[in-house]
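Going left to right, the sequence shown walks through residues 733 to 846 as the working numbering numbers them. Yeah, the Cβ is synthetic: ideal placement off N, Cα and C, and Gly gets one too. Just so you know, these numbers come straight off a predicted model, no measurement behind them.
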Amino acid sequence: MHEMAIVDSLFQIINVKVKEHQIRKVLKVKLKVGEMTAVEDLTLTACFEAYAQNTVVEGAELVIERVPLQGKCRQCTSVFRVSNYNFQCPQCESRFVEIVAGRELYIEDLEVEK
733 MHEMAIVDSL FQIINVKVKE HQIRKVLKVK LKVGEMTAVE DLTLTACFEA
783 YAQNTVVEGA ELVIERVPLQ GKCRQCTSVF RVSNYNFQCP QCESRFVEIV
833 AGRELYIEDL EVEK
């Protein structure tokens, strides 16, 4: 379960921001999570709630925005949605594909009360 390690890292970042900006309460945390991260939403939410207990984050809404896996063909430059991890261009059938989206895992926004 790597979600616990992910939430631990998220809270390290959040704690820095809380101190840096003298935040009294975190109301909402918005995450961008790419398809390739293999993060389970329910597990991530449960870990988030456990970490948030007795902190300024307790009761905050966790919003997870999923980013689909996309590739870009290095032959014809077509950008396409990758399904079932099939990294083959649907236009020219080349396998020279670069991942352009789907590996994201970061805090996009914090809604806070100062």
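Paired residues, beta bridge with residue i - DSSP
i: V761; result: L794 and L842
i: R813; result: Q802
Residue i - DSSP class collapsed to helix/strand/coil
i: A770; result: coil
i: E836; result: coil
i: I831; result: strand
i: F819; result: coil
i: Q785; result: coil
i: Q802; result: strand
i: C824; result: coil
6 angstroms CB neighbourhood of residue i in its chain, flanking five on each side removed
i: C808; result: Q823 and C824
Inter-residue Cα distance where the pair is residue i and residue j
i: Y783; j: E840; result: 19 angstroms
i: E781; j: Q802; result: 31 angstroms
i: V771; j: L759; result: 22 angstroms
i: V761; j: E830; result: 30 angstroms
i: R827; j: I746; result: 40 angstroms
i: C821; j: T787; result: 47 angstroms
i: F743; j: Q785; result: 12 angstroms
Same chain only: Cβ atoms within 7 angstroms of residue i, ignoring 5 sequence neighbours per side
i: V844; result: I755, K757, V758 and L759
i: F819; result: G803, R827 and V829
Proximity below 9 angstroms, CB of residue i to CB of residue j
i: E735; j: A792; result: no
i: G834; j: V811; result: no
Same chain only: Cβ atoms within 8 angstroms of residue i, ignoring 5 sequence neighbours per side
i: E836; result: K764, V765, G766, T769 and V799
i: E797; result: K762, L763, K764, V765 and E840
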